[in-house]
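Read in order, the letters of the sequence shown correspond to residues 34 to 563 in the numbering used here. Here the structure is laid out as structure tokens; the discussion comes afterwards.
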Amino acid sequence: MEVRIFLSQAARSAPPLLAPSFALVTATKRHQSTQQQPRLRFAPSPTGLLHLGGLRTALYNYLMCRKTGGTFVLRIEDTDRARLVPGAVENIQDSLEWMGLKPDEGPRYGGPFAPYTQSERLDLYKEKAEQLIETGAAYRCYCSPLRLELMRKEAVKRGEQSRYDNRCRSLSSAEQTAKHTAKEPFVIRLKMDPHVYELQDEVYGPTSLRVDQEGDPVLIKSDGFPTYHLANVVDDHEMRITHVLRGIEWQMSTPKHLRLYEALGWKPPLFAHLPLLMNADGSKLSKRKGAQEIMEYKKLGYYPDALVNFLTLAGGGFHRNEPISNRLYRLDEMADNFDLALVNRNSCQLNFPKLEEYNRQAVRLRLNSPPEKAKFLAEVQRVVKEKYGTDVTAAVVRHVVEWAAESRLTNINDLFAADLEFVWVSKPRDEKAGEPFTTETKNLLLRVADSMAGIPDGLFDRSHVQEHLQTVVTEAATDLKKLMHAIRLAVCGVTKGPSVGEMAEILGQREFVRRLRTVGMTPDVNQSIN
């Protein structure tokens with residue numbers, strides 16, 4: 034099926050009032066001659082775990098594939114051997130699967146262009162590099178690391194941009210042969226033409242990129258591994274990639290890639306560069322600067338649908354028929370509404386409070402679905418057992434979760450915050466909370482317990498608890514504030530947390546009364562709260 038035909042079908046099935054994507058239509062027309070369905074790739078380097086910036090790139094590639102009926106490819110670009118992070122490859126794949134962005138092809142999934150890991154494709158890169166040398170588009174450079182470092186220092190002294198001076202371009206054939214015969218270490222460099230490259234960027238539009246201030250880039254390093262530039266271009270061609278969606282930081286490297294396509298006689302794919310994601314303070318998100326990785330969000334209790342909706346707020350690219358905070362969009366809805374023509378060109382600051390809001394919605398969605406609610410409650414039981422060694426019944430968990438969902442439940446970990454630990458385990462009294470319970474205080478606690486036990490079934494809520502407490506205070510002629518303090522210590526062991534009425538609701542009548550009586554019947558000390 035032609036891409037043009039598929040797009041027209043997609044447009045017919047799109048929500049009302051959505052205009053067809055100019056960028057997608059343009060991209061389609063340029064590739065009609067190939068009769069090829071779109072193929073896009075997410076190509077991370079395992080020099081760090083997957084974080085929000087990489088996830089946004091993967092998400093947009095995935096959505097464009099689903100919008101156009103294309104193929105989503107995962108390729109691992111592990112040629113920077115010095116900075117590889119153990120476990121990063123598994124982390125990237127696990128993160129994509131957890132987010133619902135499972136690739137159609139990749140290291141874990143196979144495909145017609147395997148292998149999908151660059152360290153397993155070295156012979157191919159060496160073959161293409163030698164081909165470039167034979168055609169005069171590349172050359173071996175024998176400059177030592179010491180010479181290159183001295184050049185860099187001299188440039189810094191002069192206040193100039195450091196660049197290679199292309200010295201080995203002018204080596205004679207005899208000099209090249211002599212050095213090669215002597216087995217001198219070398220790298221392979223691409224001969225760059227010092228002119229302005231014109232790029233039709235699918236996001237930023239016509240873009241002029243200058244390279245006259247750069248030296249010839251390295252294609253093959255001295256260790257035999259390719260640089261990003263060569264491996265990226267070779268693999269995009271060999272894997273039939275039609276569209277390259279990547280971060281704007283790679284736009285300046287595009288002239289090198291266009292030069293490689295030209296030198297190898299290949300037609301380049303379409304390029305679309307995505308704006309930078311920034312922290313709220315304007316600093317750049319970076320996996321090298323401790324940006325929170327995706328599986329850490331999972332541990333913190335965030336859900337995939339909350340994260341992907343959060344990312345769609347940063348960078349644009351979507352038609353929306355309703356306010357963005359009204360509900361969570363599913364991935365298939367995002368794909369229907371995705372439009373490269375609407376991607377922002379300016380850097381985007383992430384609004385992390387919006388992630389909290391989205392995750393509250395994600396929690397409520399799960400609690401409104403009986404199967405999902407059962408999973409949620411079971412997970413709470415598991416965590417309680419693991420964290421506190423306590424077995425709690427499903428009924429208790431359901432009661433606590435339903436209470437918390439009304440006001441404070443952003444993620445599952447909120448249920449285990451310090452001020453709610455009393456729900457799952459009877460904590461000892463905080464030593465900083467004051468003197469031990471006195472005889473009079475314990476008698477009052479027993480009186481409160483009897484009053485609470487007398488509240489009829491179905492009426493044990495904070496309003497009735499408050500009424501009964503006021504009655505005890507009046508009849509005992511005691512101080513309400515001090516009594517509340519004593520109840521809080523008896524029930525939860527700390528001086529801060531939910532109100533006494535809320536604690537009663539959370540624990541339920543039976544457990545609330547039990548804890549009051551347990552403290553009330555302990556050996557006493559002759560002191561007073563009055």
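Even glycine gets a Cβ: it sits at the ideal position worked out from N, Cα and C. Predicted, not measured: the structure shown is a model, and the values here were computed from it.
For T104, the enclosing beta strand (DSSP E) has its first and last residue at T104 to L107. Two segments are said to touch when three or more pairs of C-beta atoms, one from each, lie closer than 8 Å; by this definition the region 121-136 does not touch the region 372-382. Judged by beta-carbon spacing, K420 lies within the 9 Å limit of W457, meaning their Cβ atoms are closer than that value. The C-alpha of A215 lies about 26 Å from the C-alpha of L263. Here the alpha carbons of F455 and L400 stand approximately 23 Å from one another. Membership of F304 in the beta strand (DSSP E) is indicated by the continuous run L303 to L307.
At a cut-off of 3 residues, the continuous stretches assigned as beta strand (DSSP E) that sit fully inside the region 227-261 are 230-234, 238-242 and 251-253.
In the three-state scheme derived from DSSP, where H, G and I count as helix and E and B as strand, C174 is classed as strand.
Fewer than three pairs of CB atoms, one per stretch, sit closer than 8 Å, so the region 188-208 makes no contact with the region 268-286. Put simply, the backbone Cα of V236 is about 43 Å away from that of Q209.
For T150, DSSP records a beta bridge to I109. Sequence-distant partners of G169 (beyond 5 residues in either direction) whose C-beta falls short of 8 Å from its own C-beta, in its chain, are K224. In terms of CA proximity to V413, T426 leads the group P404, T426, P403 and S402.
In the three-state reduction of the DSSP assignment, D314 falls in the coil class, being assigned neither a helical nor a strand state. Contact check for V244 and P227: beta-carbon distance about 6 Å, within the 8 Å limit, so the pair qualifies. Contact annotation: the region 334-346 touches the region 130-137, with at least three C-beta pairs closer than 8 Å. In the DSSP secondary-structure assignment, E138 is bridged to V106. The beta carbon of S241 is closer than 7 Å to those of V229 and E231 in its chain, skipping five residues each way along the sequence. If you look at D372, you'll find it in the beta strand (DSSP E) that goes F371 to V376.
When DSSP states are grouped into helix, strand and coil, G534 belongs to the helix group. Excluding five sequence positions before and after P302, the CB atoms of its chain that fall closer than 8 Å to its own CB belong to D269, I274, T275, H276 and V277, given in chain order. Looking from the CA of T112, the closest CA among W283, C176, Q246 and S152 belongs to S152. The C-beta distance from M485 to V498 rounds to 7 Å, short enough to meet the 8 Å contact threshold. Each residue's CA atom was taken as its position, placing P148 and D156 some 12 Å apart. For Y95, the closest C-alpha among the options R116, L73, L85 and L83 is that of L73.
Distance from the CA atom of A537 to the CA atom of V118, rounded to whole angstroms, is 49 Å. Residue range P403 to Y421 is occupied by the alpha helix (DSSP H) that includes F409.
By the CB criterion at 9 Å, L310 and K161 fall outside the cutoff. According to the DSSP secondary-structure assignment, E439 is paired through a beta bridge with no residue.
In this structure, L375 places its C-beta atom within 9 Å of the C-beta atom of H352. For H276, the enclosing beta strand (DSSP E) begins and ends at H276 to G280.
For D365 and Y336, the gap between their C-alpha atoms comes out near 17 Å. Residue pairing for C381: DSSP places it in a beta bridge opposite L310. One alpha carbon belongs to R154, the other to D256, and they sit about 15 Å apart. The way I'd put it, the region 285-296 doesn't touch the region 79-98; fewer than three beta-carbon pairs between them come closer than 8 Å.
Ranked by how close their Cα comes to the Cα of A368, the residues F258, S78, I221 and G102 have G102 in first place.
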